[in-house]
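A.B. asks:
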Amino acid sequence: MAAPSPPSRKFLGLLPLPERNHLTDALRTETVGGVLLLAAAIGALIWANTPLSGSYAFVRDFRAGPSSLGLDLSLEHWASDGLLAVFFFVAGIELKRELVAGELRDPRTAALPVIAALSGMAAPALVYVLVSGVGGGSLGGWAVPTATDIAFALAVLAVIGTSLPSALRAFLLTLAVVDDLFAILIIAVFFTGDLNFAALGGAFAGLALFWLLLRKGVRGWYVYVPLGLVVWGLMYNSGVHATIAGVAMGLMLRCVRREDERRSPGERVEHLVRPVSAGLAVPLFALLSAGVPVSGGALGAVFTRPETLGVVLGLVAGKAIGVFGGTWLAARFTRAELNDDLAWPDVFAVAVLAGIGFTVSLLIGELAFSSDPVLTDEVKAAVLTGSVIAAVLAGVLLKLRVRRYRALCENEERDEDLDGIPDIYEQDDPGYHLRMAALYEAKAAEHRRLAEHAGATREDRGGPA
278 MAAPSPPSRK
288 FLGLLPLPER
298 NHLTDALRTE
308 TVGGVLLLAA
318 AIGALIWANT
328 PLSGSYAFVR
338 DFRAGPSSLG
348 LDLSLEHWAS
358 DGLLAVFFFV
368 AGIELKRELV
378 AGELRDPRTA
388 ALPVIAALSG
398 MAAPALVYVL
408 VSGVGGGSLG
418 GWAVPTATDI
428 AFALAVLAVI
438 GTSLPSALRA
448 FLLTLAVVDD
458 LFAILIIAVF
468 FTGDLNFAAL
478 GGAFAGLALF
488 WLLLRKGVRG
498 WYVYVPLGLV
508 VWGLMYNSGV
518 HATIAGVAMG
528 LMLRCVRRED
538 ERRSPGERVE
548 HLVRPVSAGL
558 AVPLFALLSA
568 GVPVSGGALG
578 AVFTRPETLG
588 VVLGLVAGKA
598 IGVFGGTWLA
608 ARFTRAELND
618 DLAWPDVFAV
628 AVLAGIGFTV
638 SLLIGELAFS
648 SDPVLTDEVK
658 AAVLTGSVIA
668 AVLAGVLLKL
678 RVRRYRALCE
688 NEERDEDLDG
698 IPDIYEQDDP
708 GYHLRMAALY
718 EAKAAEHRRL
728 AEHAGATRED
738 RGGPA
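FYI, the numbering for the sequence shown is 278 to 742, going by the working numbering.
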């Protein structure tokens with residue numbers, strides 16, 4: 278007699294309540310930040326393509342900082358190396374939380390989004406290499422279309438007014454977190470210049486002190502902020518991209534709650550810093566990086582030059598094929614069944630949405646073609662073009678299912694007993710059903726009273742009882 282096959286698992290099922298609450302808080306901030314990011318990008322494009330373009334170039338290239346410390350940088354450089362360190366600090370905290378308390382904690386649960394994210398990075402890189410290689414272009418930009426910008430993706434959702442069910446939003450966020458992790462590794466491995474081992478050793482010593490202070494329970498921003506700035510400066514001067522310092526410090530924070538804590542230290546810090554990252558650091562980076570010429574000739578070059586065409590096709594086609602294909606294969610071989618309330622076209626729409634690469638793609642584009650300013654601007658234009666195409670396609674696909682999404686979201690949010698917990702999480706709680714019974718009994722009693730009153734009124738008017 279054959280052994281029974283292992284039970285299948287539900288993919289994109291209902292999230293645990295603590296995970297859902299954290300997701301709601303995080304995505305609310307990212308959505309607001311994404312709208313600001315979108316506004317900053319549009320503002321940069323307008324500024325750089327009007328008679329005021331000279332002032333844009335002056336502001337972007339204005340240099341500031343102590344040259345004695347090797348930090349006499351342009352404002353654009355400060356944005357990409359300094360402000361994005363804040364973004365990657367938050368990414369490091371989110372990654373740590375996912376690893377110890379979120380979707381990535383359980384290897385069986387983590388396998389599917391991790392495989393989807395890796396496929397969603399490998400496929401765009403392969404598309405870029407094929408297109409650029411066949412066209413005789415540079416292969417140095419292979420990593421540009423591999424990134425997913427969660428803030429920009431959420432801004433698109435906010436603009437088109439589509440409410441994704443929490444499971445799909447969590448899947449998109451987990452994809453972006455894993456994506457950020459491997460983008461960090463790509464930056465660290467492939468875009469590290471000549472190493473200054475003295476500065477690198479100082480940075481590691483600073484990180485070790487940062488970790489020791491955390492372990493000892495030392496608290497106070499006045500301790501960690503100056504230390505973080507020193508670590509960042511040493512990391513920058515070491516030749517390793519300075520954003521790595523932000524990631525490393527984020528990963529060191531404890532993200533598991535103790536019995537006497539409402540929030541872990543990592544969650545508290547993330548709650549404080551995420552608005553700074555989403556609302557200030559990333560939009561300023563976009564303002565100083567997205568201002569590229571968008572003439573008819575420049576847009577035409579996006580679709581004719583092999584490097585830029587590779588970026589566009591990598592973001593639009595490579596991401597969709599990679600994320601969807603990786604998800605489908607992982608679900609097939611791990612026996613994970615799709616949630617009954619969703620369908621594979623919903624997963625494909627999210628895969629297309631993941632093609633919005635913006636922030637990290639712009640950063641990698643700057644690093645990949647730093648020796649060729651003209652090509653750098655053309656690659657930036659390609660990132661913007663590919664992200665816009667992916668956003669439009671995803672918007673159309675999501676609009677086709679908008680009624681279904683609204684119904685699912687309303688079901689997730691419904692709280693008829695008004696206890697602050699969505700009803701869908703209380704179906705196994707006897708107390709919930711007793712509260713609902715009392716509510717319905719009170720409503721029934723009120724309707725009986727109204728019926729008696731209505732009957733008496735009709736009798737008084739001489740009508741039939």
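Each residue gets a CB set at the ideal place from its N, CA and C atoms; glycine is no exception.
Can you list, in chain order, the residues of its chain with a C-beta nearer than 7 angstroms to that of G516? Leave out the 5 residues immediately preceding and following it.
C.D. replies: Answer for G516: T469, G470, D471, L472 and N473, listed in chain order.
A.B. asks: Buried or exposed: where does E736 fall if 16 or more other Cβ atoms within 10 Å of its Cβ makes it buried?
C.D. replies: Burial call: exposed.
A.B. asks: For D383, count the other beta carbons within 10 Å of its own beta carbon; 16 or more makes it buried, fewer makes it exposed. Which is it?
C.D. replies: Answer is exposed; the Cβ neighbour count stays below 16.
A.B. asks: Determine whether the beta carbon atoms of A394 and L452 lie at a separation below 9 angstroms.
C.D. replies: Closer than 9 angstroms, so yes.
A.B. asks: Using beta-carbon positions only, say whether A578 and G632 come within less than 9 angstroms of one another.
C.D. replies: No, they are not a contact pair.
A.B. asks: Counting beta carbon pairs with one atom in the segment 530-541 and one in the segment 552-565, are three or more of them shorter than 8 angstroms?
C.D. replies: The segment 552-565, when compared against the segment 530-541, does not touch it at the 8 angstroms Cβ threshold.
A.B. asks: Can you have a look at E371 and say buried or exposed, based on whether 16 or more other CB atoms are within 10 angstroms of its CB?
C.D. replies: It is buried - the Cβ of E371 has at least 16 other Cβ atoms within 10 Å.
A.B. asks: Looking at C-beta atoms only, is the number of pairs between the segment 686-702 and the segment 600-612 that lie closer than 8 angstroms three or more?
C.D. replies: Touching, no, given that fewer than three Cβ pairs across the two stretches are closer than 8 angstroms.
A.B. asks: Could you tell me the boundaries of the beta strand (DSSP E) in which V424 lies?
C.D. replies: Here the sequence assigns Ala to residue 424, which means Val is not the residue at that position. Careful: A424 lies outside any beta strand (DSSP E) and carries neither H nor E.
A.B. asks: With a cut-off of 8 angstroms on the beta carbons, I'd call G320 and L661 a contact; round off their distance for me.
C.D. replies: Not quite, the Cβ-Cβ distance comes to about 13 angstroms (not below 8 angstroms), so this is no contact.
A.B. asks: When the Cα of T581 is compared with those of R297, V408 and L549, which residue comes out closest?
C.D. replies: Taking only the C-alpha atoms, the option nearest T581 is V408.
A.B. asks: Which value, in whole angstroms, describes the spacing of the CA atoms of P281 and R612?
C.D. replies: Residue placement at P281 is flagged as unreliable, the pLDDT there being 44, under the threshold of 50; the coordinate-derived value follows with that caveat. Roughly 14 angstroms between the two C-alpha positions.
A.B. asks: Given A362, which residues of its chain have a CB within under 8 angstroms of its CB, disregarding the five upstream and five downstream residues?
C.D. replies: Cβ neighbours of A362 beyond the five flanking positions: W509, A519, T520, A522 and G523.
A.B. asks: Can you have a look at L449 and say buried or exposed, based on whether 16 or more other CB atoms are within 10 angstroms of its CB?
C.D. replies: Answer is buried; the Cβ neighbour count reaches 16.
A.B. asks: Would you call the segment 477-494 in contact with the segment 455-462, where contact means no fewer than 3 C-beta pairs closer than 8 angstroms?
C.D. replies: Touching, no, given that fewer than three Cβ pairs across the two stretches are closer than 8 angstroms.
A.B. asks: Within a Cβ cutoff of 8 angstroms, which residues of the same chain sit near V656, ignoring the five residues on either side of it in sequence?
C.D. replies: If we look at V656 and ignore the five residues flanking it on each side, its Cβ neighbours are G418, V421, E584, T585, V588, G642, A645 and F646.
A.B. asks: Measuring straight from C-alpha to C-alpha, what distance separates L445 and V624?
C.D. replies: In a straight line, the C-alpha of L445 is about 8 angstroms away from that of V624.
A.B. asks: Take the Cβ of A733 as the centre, count every other Cβ of all protein chains shown within 10 Å, and call the residue buried at 16 or more, exposed below.
C.D. replies: With fewer than 16 other Cβ atoms within 10 Å, it is exposed.
A.B. asks: For G410, I'd like the list of residues in its chain whose CB is within less than 7 angstroms of its CB, leaving aside the five on either flank, ordered along the chain.
C.D. replies: If we look at G410 and ignore the five residues flanking it on each side, its Cβ neighbours are L416.
A.B. asks: If you measure between the beta carbons of A428 and E547, is that distance less than 9 angstroms?
C.D. replies: Their beta carbons are not under 9 angstroms apart, which means A428 does not touch E547 by this criterion.
A.B. asks: Throw me the rounded Cβ distance for the D694 and Y717 pair, which I believe falls under 8 angstroms.
C.D. replies: Not confirmed; about 11 angstroms, so no contact.
A.B. asks: Counting C-beta neighbours from all protein chains within 10 Å, is the total for F635 16 or more, i.e. buried, or is it exposed?
C.D. replies: Buried, because 16 or more other Cβ atoms sit within 10 Å of the Cβ of F635.
A.B. asks: My output table needs one value for I289: the three-state DSSP class, helix, strand or coil.
C.D. replies: Here residue 289 is Leu; the residue named in the question, Ile, does not match the sequence. Looking at L289 - three-state DSSP - the assignment turns out to be coil, as it is neither helix nor strand.
A.B. asks: When burial is assigned at 16 or more other CB atoms within 10 Å of the CB, is D692 buried or exposed?
C.D. replies: By the 10 Å Cβ count, D692 comes out exposed.
A.B. asks: Contact defined as beta carbons within less than 8 angstroms: I believe K442 pairs with L674. What is the distance between those atoms, to the nearest angstrom?
C.D. replies: The residue you asked about is not Lys; residue 442 is Pro in the sequence shown. That belief does not hold up - the Cβ atoms of P442 and L674 are roughly 15 angstroms apart, past 8 angstroms.
A.B. asks: Provide the residue span of the beta strand (DSSP E) that contains A613, from first to last.
C.D. replies: A613 to L615 is the span of the beta strand (DSSP E), which, as asked, contains A613.
A.B. asks: Classify S332 as helix, strand or coil using the three-state DSSP reduction.
C.D. replies: DSSP places S332 in helix when its eight states are reduced to three.
A.B. asks: Indicate the three-state DSSP secondary structure (helix, strand or coil) for L403 in the structure shown.
C.D. replies: Helix.
A.B. asks: So what does DSSP say about S351, is it helix, strand or coil?
C.D. replies: In this structure, S351 counts as strand in the three-state DSSP scheme.
A.B. asks: Give the secondary structure of R551 by DSSP, where H, G and I count as helix, E and B as strand, and everything else as coil.
C.D. replies: Three-state result, R551: helix.
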